[in-house]
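The sequence shown begins at 1 in the UniProt record's numbering and counts up by one.
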Amino acid sequence: MPGRPDVNLVIVFRAAHKNTHLKQRTRNEARKAEQQYLRLIDTLTYAGLKAVGRRGESLGQLLVFVTCPQKHLEGLIRRERHGDFLSGLPVTPVTADCLIPPLSSAEKIRLVYTYVTSSPTDGGLGIAPGASEWDLVESITPLHDVNFNETWVRSWKLSQIASVKLARYSNLRFFFKFGDSVGLYFAFLSSYTQFLAFPAILGLFSYFFLSPYSSVYSILLCIWSVGFVEYWKVRERILSLRFGTRGSFRVEKCRVTYRPGQTWWGRELRIFASLPVILLFAGVLVALLTSIFVFEAFVTQLYQGPGKKLISFSPTLLFAALVPRVLQLYQALAVGLTTWENHRHQSSYNKSLTLKTFALSAIVAYMALGLSAFVYVPFGQSVMRYVQNRLFATSVESGSRSGFGSKIMGLLNGTTVDSTATTTGFTSEKLSNVGALKSSLWERDMSNARRKLNPTRLRDQMFAYTVTNQVINSFTEVGLPYIMRYVTAFRHRHDKNATKPGSPSGEPKKRVVFEDEKERGGMEERVFLDHVREEVALPEYDLFADYSEMVIQFGYVVLWSTIWPLAGVMAFINNIVELRGDAFKMTVHHRRPIPTRADSIGPWLEALSFLAWLGALTNSALVYLFSPELLKSSPLALNDEDDQQNTETNTATKELVVKAVLVALVASHGYFILRAVVRHVVERIWWIGSKEVQLNEREERLMKEKFLEGAGAGAGAGAGESNNGNLSVRNDLGEENVKLGGVEVEDTMGFWDHDEGVDEIKRLVKEA
């Protein structure tokens, strides 16, 4: 955006709550907001930053724009580089009279954000959402570089397969604009998409030329999964060396909400205390999903009454109504438990919360396929007979009882007993007829019920998960936000026309107040502020959803694609679109992500390793149970007819399942041997002797030589360190002779010369 001020951060300050009408706003609350706002501006200004406030989108919302002068930024760089050097990060310390290359925009934003939000004990200001002293600070966000985003999106071409200018990392602008953590995600997604080419080709070959549940396909798939996980472990280490973030966890700042004084074992006990909650909700989810599965796979198939097609949709309705509610409740408890654990660093907090949340997400994703593979197909006839007997027994028992409940059950089963017959002595005759009746609502013939078992159920489910669900997810991420934004804009226009001045029936928009007023900075500032208000209204970008989607997809390919080998093809095609969809979603439908330092994808790597191990178990079990060669010698109950043969086949099926479990255990040990071999080969090929490793070793050696010669970083305490070891927030920063390359951005519109925050809060007092 031409002529825009050089804004590093925008602090969203909420002086009036959204759900509170102005008449309910007391003068004391408005006075508190004014005091905290003035303290916020004073703290930022005294710390050497520039800060001014502007009106937000709604009444009571203030936008505090923050920028760091170049001289002060030099002090922040010097302090961070000294800390990195002392902590062993691969970085050269900044010495006096040293020229620093111009920083990327992501580095500037990260430095200022860390300075503003880190605790005073770490040399920061402690201004962060959730901090008790700043309870009116709603959020902190950087602004998008609109010109870069538009240029970047237009540069995409269909010929760039599995790449958003990231495959070779020759163009580093993405990392420079969005930071290491987001860059690592897209690097992971790009590498994963390229690796998916192998199971896609293998799946096509297996689908057309190999037998179903091919052992060749399963073995090669397991080798591929281990190879990808081990390759990515090396790849992220190389990237962390390339971008100087290797070991960045050593210099991570404390969370503002962290309460010091807790022992290590006290925190471990709190983490362990979360386990019963996780197990409880996991048990509830398993029971709920199993009930829905039985209802969908068996009960709806036996139902023959009116509305059969409508009844077939009831499992989906039950799933949509119950499962998200359970997950929502669990998510709230997981956040509360993770906060209660009192993690010192944000990375450990995110890891704990991620593992808690992903555990139940995986149960929801894979439970239905597991039940179909290891219950429905091997024991489908036995379960169908049990459900059928229970339904018919219920219909007979309902006829022998009286009362409203029996009438309801009788109506459902088509066996309602006439109440007048009871008084005239014909009850026993009617009850005897009940047992002979074939229920008009339920299928009682076992041979017909057996034919209702769906032998292609597993393939149908895999198609739904790997094709239908992914199409829906892509639309939800990219297309649906446009629709929701249009609906929201339409509602706002309607509310603005319907709401009169002074009416308490809604929250009036700020623009109604100053639509005809000129901004002090002129039309250029007005356009800029309108754009900022639109960005602030967007949701924050969270990597969890994107990582979770890709790891779940990896699980579908590794665990279950033996059922339908084309799953790898569908995943590959989806990810080509997903690369661009995620980038577009991040730049258009979400706020700009806050850059953070990262040298790994964190707990998601552990999830990938676990799924690769679990894939060895499931693939071996599926091949042993369902390969055509084994089915000839040990037919499953799905193909049997008479009862005597059913009993014998059920026994054989149980023995086959036990043998499959033993085969899976053997495969588990084989996995660990395979992983050791693959890890050794991958490290030999991609890590040992790589360009990044050699460069890092050479730089470390040169730094140590210079240090021994006395030409290293000089002298004394790091920037901002006082006599008592605490860090000053202003006086000791920016006064060194360190020079930062680049030119100070000139304020042509006088954006930083006037403030609207106090006037806005005083207006709240008048209208209270």
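Glycine included, C-beta positions come from ideal geometry on N, C-alpha and C.
It should be emphasised that the depicted structure is a prediction, and the values quoted were computed from it without experimental measurement.
Taking all protein chains in view, the Cβ of Met-550 is crowded by 16 or more other Cβ atoms within 10 Å, so the residue is classified as buried. For the pair Asn-8 and Val-52, the CB atoms are not nearer than the 8 Å cut-off. By the CB criterion at 8 Å, Leu-239 and Val-364 fall outside the cutoff. By the neighbour-count criterion, in which 16 or more other beta carbons inside 10 Å mark a residue as buried, Thr-476 falls on the exposed side. C-alpha of Gly-60 to C-alpha of Gln-331: approximately 30 Å in a straight line.
Taking the CA atoms as reference points, Thr-151 sits about 12 Å from Thr-587.
Taking the Cα of Ser-690 as reference, the smallest distance to any Cα among Phe-195, Gly-123, Ser-211 and Leu-241 is reached at Leu-241. For Leu-63, DSSP records a beta bridge to Val-12 and Arg-54.
According to the DSSP assignment, Val-577 belongs to no beta strand (DSSP E) but to the alpha helix (DSSP H) extending over 567-584. Shown here, Glu-138 sits in a strand according to DSSP, grouped into three states. Around the beta carbon of Ser-132, fewer than 16 other beta carbons sit within 10 angstroms, so the residue counts as exposed.
Segment contact: the region 580-599 against the region 204-220, fewer than three CB-CB distances shorter than 8 Å; contact not assigned. When C-beta atoms of the region 76-88 are compared with those of the region 30-46, fewer than three pairs fall below 8 Å, so the two segments do not count as touching. For Glu-296, there is no enclosing alpha helix (DSSP H), as DSSP marks it with neither H nor E.
Boundaries for Asn-454: no alpha helix (DSSP H) harbours it, and the DSSP string shows neither H nor E there. Beyond the five residues adjoining it in sequence on each side, Phe-544 comes within less than 6 Å, by CB distance, of no other residue in the same chain. The shortest C-alpha to C-alpha distance from Gly-247 to any of Gly-750, Gly-183, Ile-77 and Leu-89 is the one to Leu-89.
Beta-bridge analysis with DSSP links Cys-254 to His-345. Exposed is the label assigned to Ser-211, since fewer than 16 other Cβ atoms lie within 10 Å of its Cβ. Contact check for Ala-616 against Tyr-671 passes: the beta carbons are separated by less than 8 Å. Assignment of Glu-268 by DSSP, reduced to helix, strand and coil, places it in the helix class. Proximity of the region 250-262 to the region 115-135 meets the contact definition, three or more beta-carbon pairs being nearer than 8 Å. Minimum Cα-Cα distance from Tyr-46 among the listed residues Asn-28, Pro-69 and Leu-63 corresponds to Pro-69.
In the three-state reduction of the DSSP assignment, Cys-222 falls in the helix class, which pools H, G and I. With the rule of 3 Cβ pairs closer than 8 Å, the region 568-583 counts as touching the region 460-477.
By the criterion of a C-beta distance shorter than 7 Å, Ala-197 is surrounded in its chain by Phe-572, once the five residues flanking it on both sides are discounted. In this structure, the straight-line span from the alpha carbon of Ala-30 to that of His-754 is close to 21 Å. If you check the CB distance, Leu-622 and Tyr-207 do not come in under 8 Å.
In this chain, Met-749 is not harboured by any alpha helix (DSSP H), its DSSP state being neither H nor E. Per DSSP, Arg-325 is one residue of the alpha helix (DSSP H) stretching across 314-340. Around the beta-carbon of Asp-530, fewer than 16 other beta-carbon atoms lie within 10 Å, marking it exposed. By the neighbour-count definition (other C-beta atoms within 10 Å, threshold 16), Glu-760 is a buried residue.
Under the 8 Å Cβ criterion, the region 224-236 does not count as touching the region 308-328, having fewer than three qualifying pairs. With a contact defined as Cβ atoms closer than 8 Å, Ser-215 and Ser-561 miss out at about 14 Å.
Secondary structure at Gly-75: helix, using DSSP grouped into helix, strand and coil.
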